Amino acid sequence: GENVEQHPSTLSVQEGDSAVIKCTYSDSASNYFPWYKQELGKGPQLIIDIRSNVGEKKDQRIAVTLNKTAKHFSLHITETQPEDSAVYFCAARRGSSNTGKLIFGQGTTLQVKP
Amino acid sequence: NAGVTQTPKFRILKIGQSMTLQCTQDMNHNYMYWYRQDPGMGLKLIYYSVGAGITDKGEVPNGYNVSRSTTEDFPLRLELAAPSQTSVYFCASSLSSGNTIYFGEGSWLTVV
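So the sequence lines, in the order shown, correspond to chains A and B. First residue of the first sequence: 204, per the working numbering; consecutive thereafter. First residue of the second sequence: 2, per the working numbering; consecutive thereafter.
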């Protein structure tokens with residue numbers, strides 16, 4: 204089955220700097236890769252996603268890149284702000300599956316210091 | 002605009018007790034999921050359902066049961082609570098297999 208590895212587990216950056224979180228996946232049939240942000244005491248919320256027919260997607264300060272050959276994808280946050288502090292999860296979903304279930308990475312705790 | 006609603010938010014159980022975590026969604030989504038989240042472990046799928054009357058096991062189903070009698074509701078039952086079931090539980094839903102998955106706020110369960 205699918206396995207998703209996420210690094211780093213913790214990341215501390217200064218406000219205004221960029222943050223990069225990386226994930227690798229094992230199942231070459233996966234074709235959907237969302238990123239979720241989880242604030243303290245809340246459920247995960249989708250912030251951006253990418254499908255395997257696209258190499259990069261941007262939404263204001265956040266972007267996701269996908270390298271299908273290497274089976275890895277990354278989240279990039281530019282001009283970080285204190286409100287970006289949260290736990291971030293990557294996930295992968297098999298394209299041929301009709302269950303829709305996501306396999307998650309272990310999470311990255313991002314701290315943005317003012 | 003409620004989305005996915007879980008109850009209770011917090012619960013303490015004694016070993017061997019039983020309980021049901023309730024989950025309801027008002028988005029008319031066909032797919033529903035239960036995940037558990039342990040520190041440093043990400044989210045693991047317990048059970049999922051692709052429609053009313055249909056359920057299937059995820060990655061970590063042991064010790065849990067589910068039912069899906071309506072489109073809106075997907076309760077998760079713990080029969081004989083064990084300390085290993087201390088976790089945060091998230092219910093989620095999506096319109097279909099290819100759509101965005103939306104999560105509830107979570108239920109914190111402690112088994113002592």
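Every residue gets a Cβ at the ideal spot worked out from N, C-alpha and C, and that includes glycine. None of the values given here were measured: they were computed from a predicted structure.
Legend entry - Test item: CB-CB of K225/A and F276/A under 9 Å: yes
Inset, instruction - Using beta-carbon positions only, say whether Y90/B and Q26/B come within less than 9 Å of one another. - result: no
Inset, instruction - Check each candidate in E208/A, S215/A, Q209/A and H210/A and name the one with the smallest Cα separation from P317/A. - result: S215/A
Inset, instruction - Output the distance between the C-alpha atoms of M20/B and E282/A, rounded to the nearest integer angstrom. - result: 45 Å
Inset, instruction - For M42/B, return the contacting residues in chain A, with the cut-off set at a CB-CB distance below 7 Å. - result: Q309
Inset, instruction - Give the secondary structure of S288/A by DSSP, where H, G and I count as helix, E and B as strand, and everything else as coil. - result: coil
Inset, instruction - Determine which residues of the segment 16–49 of chain B have a Cβ less than 7 Å from any Cβ of chain A, and write them out in chain order. - result: Y32, Y34, G41, M42, G43, L44, L46 and Y49
Inset, instruction - State the start and end residues of the unbroken beta strand (DSSP E) segment that holds V61/B. - result: Segment: none, V61/B is in no beta strand (DSSP E) and carries neither H nor E.
Inset, instruction - Out of W35/B, L14/B, G17/B and F11/B, point me to the one whose CA is closest to D74/B's CA. - result: W35/B
Inset, instruction - State yes or no: is the beta carbon of F117/B nearer than 9 Å to at least one beta carbon in chain A? - result: In the structure as shown, chain B begins at 2 and stops at 113. Residue 117/B is therefore absent and cannot be evaluated.
Inset, instruction - Give the interface partners of G107/B over in chain A, defined as CB-CB distance under 8 Å, in chain order. - result: G244, K245 and G246
Inset, instruction - Compare the beta carbon distance of G32/B and S98/B with 9 Å and say whether it is the shorter of the two. - result: Note that residue 32/B is Tyr in the sequence shown, not Gly. Against a cut-off of 9 Å, the Cβ pair of S98/B and Y32/B comes out as a contact.
Inset, instruction - With DSSP as the reference, please indicate the residues paired to R37/B in a beta bridge. - result: K45/B and Y90/B
Legend entry - Positions along the segment 267–282 of chain A whose CB lies within less than 9 Å of some CB in chain B: none
Legend entry - Run of the beta strand (DSSP E) containing H30/B, from where it starts to where it stops: That residue, H30/B, is in no beta strand (DSSP E); it is neither H nor E in DSSP.
Legend entry - C-beta neighbour in chain B for I265/A, strict 9 Å: no
Inset, instruction - Tell me, please, whether the segment 3–12 of chain B touches the segment 288–295 of chain A by the rule of three or more beta-carbon pairs shorter than 8 Å. - result: no
Legend entry - Where T101/B meets chain A, residues with beta-carbon distance less than 9 Å: P237, L249 and D252
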